[in-house]
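Data first, discussion second: the structure below is written as structure tokens.
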Amino acid sequence: MHDEGATHYNSIIDQHSLGAEFLRDQFGDCARPKIGWQIDPFGHSREVASLFAQQENGSNVNVFYSTPSCYLYALNKANKQWTSKTDDFFPYATHSHGFWTGYFTSRATFKGYERYSNNILQVTRQLNAFSQSNRRNTIFYLSEAMGVAQHHDAISGTERQHVANDYVQRLSYGIDRTVDVINDAYNKLLLKEGQTLPVARQFLCSLSNISECLPIEGQDRFTLTLWNPTIHPVTIHPHVPVTREYLIRDPMGNLVSAEYLPISDMTKTIPGRISTAQNQYIFKALLPALGYNTYYFEARSFPSNSSEGFQASGAYMFRPWSSHAQPVSSQRIINCTKTKIVQSAFIVFNEWATQQITLYPEALFVEIEWTLGPIPVDDGIGKEIIIRYDTNINSASKYYTDANGREVLERIRDYRPTWNYSSDEPISGNYYPINSRIWIRDNQSQLTILTDRSEGGGSMHDGSIEIMLHRRILYTDGISLNEPLNETAYSKGLVVRGRHHLFVEPPTNSARMHRIGAQQLFMYPLTTYSLPDTSSYTNYSMSYRQTWSALSDTMPLNVHLLTFDQLSSEEYLVRLEHYFELNEDEIYSQPVTIDLQVLFVTMGTIVNMQELILSANLPLSDLHRLEWITNNGESSYVDRPNFVSLSTNCCHFVSRSINIKGNKSIS
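Just so you know, the sequence shown maps onto residues 2 to 668 in this note's numbering.
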């Protein structure tokens, strides 16, 4: 069973689909699960109940703590009245000092790696489909590893260290296998028509987050290809670590305006980093929807100019010694950089804690990159590191956190909506899972923080947001691990690096900012490199396609492509969702109509389609759910029209799974 506190709905859906597919392949259609259950997660989220309900797009939550179908049918036949619960079951606690909120952040590097792995999985599925490479069996290794990683003792970080190592190894192996699929796809997509030259092998630089990409170091030329997995154009600012200076050309052959900036001293001394790169290029890249751009780097022999100068806690539980956080340092060193492309302030708190605050022209957010570790424990005391954003917003004890990256729930400090609450733990008792966002607001302003992985946090004071980033614990919490959460690498404490995107907007505008921003952060463009065997950019551009998009037209901004997977040579699974909530935005909460043929313009004509339930293992028209009587008089059944044409309606907060068949190869 997947975890519910540290998972994203994209991966939850994928895991359920993979499991349903396995049961069908091994035991036939008769083995299709007809009931759902929740067992052993450390608290239940509202989004999981919503996803269960969306098997038929129902809007009510029906939760049962039993698996036998006969018991379920007996309860339904009894015609009892059931209470509807619209909040969730977080935070979970076993006693007044035992809040299981530490695991929202435990094993922060694994939580980040899981997001990175999912990013590669979604991109690889898209590349496989658009190139019609038929390599789904190869992608399975990463799909399976991602499914296992959703377990409530995996992504939660509550497993023992050797088990955590195994989860990471499975993901790493799956990623290695997908590189073959990526290359098969680019072999077809990169070559211009009529060209037969070999395509240089694409490779990932998985340590680029610590400014290390060994294969490109010292090269005379290399390419950087960025695949945008969203159905809308995006703008990003790649950071490319280098050991020499280059001219960079965009897909049109124009010279790119780029900044050549030093890599921070702390990054260069991260344990395990062996790169000799001292500098990095930062530039603006505008990427087409559901497609790629290739940038050509060619070494130059003359220098450029740049401007610089501006209880016990454990894996499960979180119980701080004091309700007052202590600063990691009483002093700090600030280095500022201001150029045409980027403005940043690099803050050094001490030898194991730094922060970089970055502004990009025309960007609607501030990027906060934090680096923590190795956390010192020579004093015999474990430490849990938080970041706190303080404002003058009058938040009136209220704050808002997402449920598995999708729905958002209102939280009230020291309060529970369905029972009288009192706590001896004012900090951990007010921590909630943050899978993608948290915000506070008043009538004038809203502060929203988007996260790049699952974390824990809350609002301990009005106008303040607190998020836990990293943990290194020397004692166990007595639950089950029987070992402390003391992660190490290279005989030192583990170093974690992550990002927050910070938005400040009027509440009326904030939904479109955080909805769109969260999807772009979650479905971040995938970077691959290659070492082309060409003597110049001119020769390269004559043979290779440097920009490509799968779309023939723009798509509505409130629609997201959740899944694009090739099932066979002419069969595809497509999941689309309208990801704005009802009444959340005056414009983008409205229903929209999209033309599915737009997604298939490069692959031919759609000849047949069928809408499936969310887990994609049953036609929606064949699903018949039980109806339940609720205490508020609402029906547990919601009628919806079947999918009948290429133009489909997307209503607020609805995900639709569609099986599509085409009749033409890629052109």
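Cβ coordinates follow ideal geometry from the N, Cα and C atoms, glycine included.
Cβ-Cβ separation, residue j to residue i (assumed contact under 8 Å), whole Å
i    : j    : result
G406 : H9   : 4 Å
I474 : N487 : 6 Å
K193 : T236 : K193 to T236, Cβ: 26 Å. No contact.
I176 : R274 : About 20 Å separates the two Cβ atoms, so there is no contact after all.
E213 : S276 : 4 Å
G103 : R472 : 7 Å
G459 : R412 : 7 Å
G148 : L24  : That belief does not hold up - the Cβ atoms of G148 and L24 are roughly 13 Å apart, past 8 Å.
For residue i, the three-state DSSP class (helix, strand or coil)
i    : result
G310 : Any reading at G310 must be qualified, since the residue scores a pLDDT of 42, below 50, and its modelled position is unreliable; the value itself is stated next. In this structure, G310 counts as coil in the three-state DSSP scheme.
S622 : helix
G464 : coil
Q123 : helix
G663 : strand
F91  : coil
M147 : helix
I439 : strand
Q16  : helix
Y104 : helix
E115 : helix
T340 : coil
A404 : strand
V164 : helix
S656 : strand
D391 : strand
D26  : helix
V180 : helix
H9   : coil
N58  : Residue placement at N58 is flagged as unreliable, the pLDDT there being 48, under the threshold of 50; a coordinate-derived value is accordingly withheld.
T452 : strand
V169 : helix
T110 : helix
F477 : The sequence given here has Thr at residue 477, not Phe. Reduced to three states, the DSSP call for T477 is coil.
S570 : coil
Y130 : The residue asked about is misnamed: residue 130 is Ala in this sequence, not Tyr. If DSSP states are grouped into helix, strand and coil, A130 belongs with the helices.
N351 : strand
S429 : helix
H3   : strand
L76  : helix
K269 : helix
L410 : strand
L198 : coil
S345 : strand
T139 : helix
A186 : helix
Counterpart residues of residue i in DSSP-defined beta bridges
i    : result
N280 : V243, P263
F677 : The requested residue 677 does not occur in the structure, where the chain is confined to residues 2 to 668.
P434 : G457
I369 : I358, H501
Q82  : I630
E299 : R222, L248
A155 : A155 pairs with nothing; no bridge assigned.
G292 : N229, S550
V575 : F565, I659
M253 : Paired residue(s): none; M253 is not in a bridge.
Proximity of residue i and residue j at Cβ, strictly below 8 Å
i    : j    : result
R438 : S396 : no
G518 : F366 : yes
G499 : A109 : yes
N618 : K662 : no
E612 : R576 : no
T548 : P289 : yes
I238 : Q281 : The question names Ile, but residue 238 in the sequence shown is His. Cβ atoms of H238 and Q281: not closer than 8 Å.
L248 : N294 : no
V599 : L552 : yes
W353 : I335 : no
T224 : F131 : no
L122 : S144 : yes
I607 : F601 : yes
F347 : S330 : no
I450 : Y401 : no
Practice task
Report the residue ranges of all alpha helix (DSSP H) runs contained in full by the segment 480-564; include only those spanning at least 4 residues, in chain order.
Solution key: 508-523, 538-544
Practice task
Could you name each continuous alpha helix (DSSP H) segment of 4 residues or more that falls completely within the segment 580-624, going from the start of the chain to the end?
Solution key: none
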